[in-house]
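2 protein chains.
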Amino acid sequence: MISVPVRICFFGDSMVNGTGDDACLGWVGRICASARRSGRDLTCYNLGVRRDTSADVLARWQREAEARLPPEHDGRLVFSFGANDCCPGEDIGGVRVAPGRALTNAEAILTAAVAWRPTLMVGSLPICDIAVDRRIRHLSDDFASLCARLRVPYLDVFDLVAASDIWAREIAAGDGVHPNEGGYAVIGDAVENWAGWRAWIDRAASS
Amino acid sequence: MISVPVRICFFGDSMVNGTGDDACLGWVGRICASARRSGRDLTCYNLGVRRDTSADVLARWQREAEARLPPEHDGRLVFSFGANDCCPGEDIGGVRVAPGRALTNAEAILTAAVAWRPTLMVGSLPICDIAVDRRIRHLSDDFASLCARLRVPYLDVFDLVAASDIWAREIAAGDGVHPNEGGYAVIGDAVENWAGWRAWIDRAASS
Chain W
1 MISVPVRICF
11 FGDSMVNGTG
21 DDACLGWVGR
31 ICASARRSGR
41 DLTCYNLGVR
51 RDTSADVLAR
61 WQREAEARLP
71 PEHDGRLVFS
81 FGANDCCPGE
91 DIGGVRVAPG
101 RALTNAEAIL
111 TAAVAWRPTL
121 MVGSLPICDI
131 AVDRRIRHLS
141 DDFASLCARL
151 RVPYLDVFDL
161 VAASDIWARE
171 IAAGDGVHPN
181 EGGYAVIGDA
191 VENWAGWRAW
201 IDRAASS
Chain C
208 MISVPVRICF
218 FGDSMVNGTG
228 DDACLGWVGR
238 ICASARRSGR
248 DLTCYNLGVR
258 RDTSADVLAR
268 WQREAEARLP
278 PEHDGRLVFS
288 FGANDCCPGE
298 DIGGVRVAPG
308 RALTNAEAIL
318 TAAVAWRPTL
328 MVGSLPICDI
338 AVDRRIRHLS
348 DDFASLCARL
358 RVPYLDVFDL
368 VAASDIWARE
378 IAAGDGVHPN
388 EGGYAVIGDA
398 VENWAGWRAW
408 IDRAASS
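If you're matching them up, the sequences are chains W and C in order. Each residue of the first sequence is one higher than the one before, counting from 1 in this note's numbering. Each residue of the second sequence is one higher than the one before, counting from 208 in this note's numbering.
And the structure:
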């Protein structure tokens with residue numbers, strides 16, 4: 001099988017990092033390992049950072065991506081953030097980043113990203129706090145509309161995670177916010193079966 | 208067991224990234240997963256970048272580390288680079304980064320690192336090219352002397368890897384430079400049993 005090498009930068013928060021996963025893979029490591037095991041030549045750069053908001057990702061993603069994706073290689077981008085924006089903080093509405101600002105940040109990130117490299121976005125994840133999760137749910141819907149307008153494939157995972165028993169059990173057994181291996185596998189399976197991701201992986205394999 | 212949370216940034220080249228590992232762990236993911244499975248609350252930031260030399264790491268490590276290690280958390284640093292410096296290039300001696308410059312770069316990195324956070328260094332790895340590997344061997348010795356002077360614990364892994372049958376087999380079966388799961392496990396085991404690493408992990412567990 002011919003396999004085009006591809007290098008993918010994953011940007012976002014602790015859920016992208018895989019915080020709390022005793023296997024140190026997270027959903028990012030799981031989907032990349034799965035692609036490699038099926039013969040894809042894929043290099044994974046996990047650039048998730050704990051507590052990062054849309055503003056934090058906006059401030060760093062371009063420089064970090066440019067250091068990892070030289071022009072002569074097939075480099076791609078995946079983003080997933082938003083939950084930390086909705087946590088209590090100093091911005092309008094008593095959150096860390098107000099929804100209007102979060103959308104402006106996401107638009108700035110995604111507009112520059114799609115103009116540069118193939119780009120996907122995975123939706124914001126709940127953190128198991130009722131008031132915060134209500135805001136994350138709304139923001140995830142707004143991100144879906146934004147991505148539709150910018151033609152960035154978007155995978156909503158909020159409801160999937162909110163309904164996951166294993167996610168809830170692992171959150172309770174862990175630090176109250178992050179799951180462990182089972183929860184990250186739930187996200188990994190969803191992303192792996194998503195048409196947005198499959199188009200990359202299947203195209204990479206057949207080129 | 209009480210476990211102090213610790214966040215560790217690993218900086219270096221493709222061997223730090225774990226390029227070629229179908230499990231998408233590399234030696235970094237393996238030692239971090241092992242520490243977590245034994246009860247340590249550890250967050251892993253893998254900041255290895257393919258083709259990075261000492262000059263590339265010098266240019267980016269501080270900004271990337273500051274984005275991941277806020278002052279209120281126990282944050283630490285591990286470096287491993289040098290092989291790419293020794294590959295054919297435009298610097299003095301026909302390499303990408305001449306040995307004198309590589310040492311100057313390493314000294315600048317490590318001096319700033321140890322003044323800021325606990326720091327370890329893992330030696331440069333061979334890439335299975337006779338002429339290049341001879342240069343890497345010399346550079347690794349120079350790094351050992353530098354680290355002794357700066358009081359940075361240093362683990363020489365060159366000879367271990369050069370003598371590893373599984374490393375050689377996986378290099379040959381892969382892209383000619385990077386191993387797969389077995390080779391990265393060889394490095395992971397060596398780092399995991401190293402006093403420099405154990406002092407961190409055991410201290411974190413007993414504090």
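All C-beta atoms, glycine included, are put in the ideal place defined by N, C-alpha and C. The model shown is predicted, which means the values in this text are computed figures rather than measured ones.
DSSP lists Phe10(W) as the beta-bridge partner residues of Asn46(W). For the pair Cys44(W) and Cys231(C), the CB atoms are nearer than the 7 Å cut-off.
The DSSP-derived three-state label of Arg149(W) is helix.
When 7 Å is used as the limit between beta carbons, Cys251(C) is near these residues of chain W: Cys24, in chain order.
Listed along the chain, the chain C residues whose CB falls inside 7 Å of the CB of Thr19(W) are Thr250.
Each residue's CA atom was taken as its position, placing Phe288(C) and Phe158(W) some 40 Å apart. Nearest CB-CB separation between Arg267(C) and chain W: below the 7 Å threshold.
Counting other Cβ atoms within 10 Å of its Cβ, Ser352(C) stays below 16 and is therefore classed as exposed. For Glu64(W), the residues of chain C that pass the 7 Å Cβ criterion are Glu271, in the order they occur in the chain. Between the alpha carbons of Val223(C) and Val285(C) lies a gap of roughly 10 Å. Not flagged as an interface residue toward chain C: Cys86(W), since no C-beta distance is shorter than 7 Å. Contact between Trp200(W) and Pro118(W) is confirmed by a C-beta separation of about 7 Å, below the 8 Å threshold. Counting the other CB atoms within 10 Å of its CB gives Arg63(W) a total below 16, which places it among the exposed residues. Judged by DSSP in its simplified three-state form, Leu367(C) adopts helix. Under the criterion of beta carbons closer than 8 Å, Pro5(W) and Asp74(W) qualify as touching, at roughly 7 Å. With contacts defined by Cβ atoms closer than 7 Å, Leu110(W) and Leu150(W) form a contacting pair.
Secondary structure of Leu284(C) (DSSP, three-state): strand. Here Asp298(C) is bridged, per DSSP, to Val302(C).
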